[in-house]
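Take 225 as the starting number for the sequence shown in the working numbering and just add one per residue. I have placed the structure first, in the form of structure tokens, so that the comments after it can refer back to it.
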Amino acid sequence: MAANAEEASEPLENVPASASETTALLTALSWFSPSFPIGAFSYSHGLEWAVETGWVTDETSLSKWIEGLLTNGSGWTDAVLFCEAWRRGASGQTTDDLCELAVALQPSAERLLETTAQGRAFLETVSAAWLPDASAMFNDDRSSHPYPVIAGALCATAGLPLKTALLAFVHGFVANLISAGQRIIPLGQKSGQIVTVQMNPVIEDVAARASTAFLDDLGGAAFRSDIASMQHETQYTRLFRS
């Protein structure tokens, strides 16, 4: 972890990368696409309970819910962890302690499952199809592979610039929640696109801030989301794993 602002990473557009701009973009789009096989479609991040209890009921409340996660909740936390993992991956540093921190930050059993299951699946898929030696970067404890840390480190290893990788990562987080909302509330396809457009400037702002943030900047206040993830564990009828 960097000790102060003087050790901050270069501006996003100035970060060098080994992959060409086009290759980097295509790789990021592939890795953080809803079709990438990490099972993201099966998690609602507590949104299913929020809909059940009436906290989220339409496109307006869904937009506010996701914005809160990005600016003050798990979306922000994951973005900061992703950036720190990217920096360590770019400099060849270990991420073991960062993985432990990311696991410890999970507020519920289901959120722990969500991040570690997706992290393992991401690592296995990238290792199988993109970076054959990727698994050697991490320890063998399958319960300590949090998604943002694994993803950030592997993006750096693949030569993806931070700006490209981070925007794709955060966009993927948002896209999964919008997809879940469309199925649970339910919302139509046009409503989903309206929420997507509303989230784009928020994604850009959060990515820009996270790129110069460090572990001391971790923290959030999205308590309803944390409570929702806890309540979902005992929700009677469920479509999602979280």
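Beta carbons are placed, not taken as given, at the ideal position from N, Cα and C, and that holds for glycine. None of these values were measured; they are calculated from a predicted model.
Check	Outcome
Check whether the region 349-359 touches the region 387-395, taking contact to mean three or more Cβ pairs, one atom from each stretch, closer than 8 angstroms.	no
Looking at the structure shown, is residue 267 part of a helix, part of a strand, or coil, going by DSSP?	coil
So residue 302 is in the alpha helix (DSSP H); what residue range does that whole segment cover?	298-315
Can you look up residue 378 in the DSSP assignment and give me helix, strand or coil?	helix
What do you reckon, are the CB atoms on residue 250 and residue 419 nearer than 8 angstroms?	no
Is it buried or exposed, residue 298, if we count other Cβ atoms within 10 angstroms and call 16 or more buried?	buried
Could you check whether residue 434 and residue 300 sit closer than 8 angstroms to each other, using their CB atoms as the reference points?	yes
In whole angstroms, give me the CA-to-CA distance for residue 375 and residue 336.	16 angstroms
Tell me where the alpha helix (DSSP H) around residue 395 begins and ends.	386-408
Kindly indicate the opening and closing residues of the alpha helix (DSSP H) around residue 447.	447-456
Could you say which of 408, 284 and 282 lies nearest to residue 461 if we only look at CA atoms?	408
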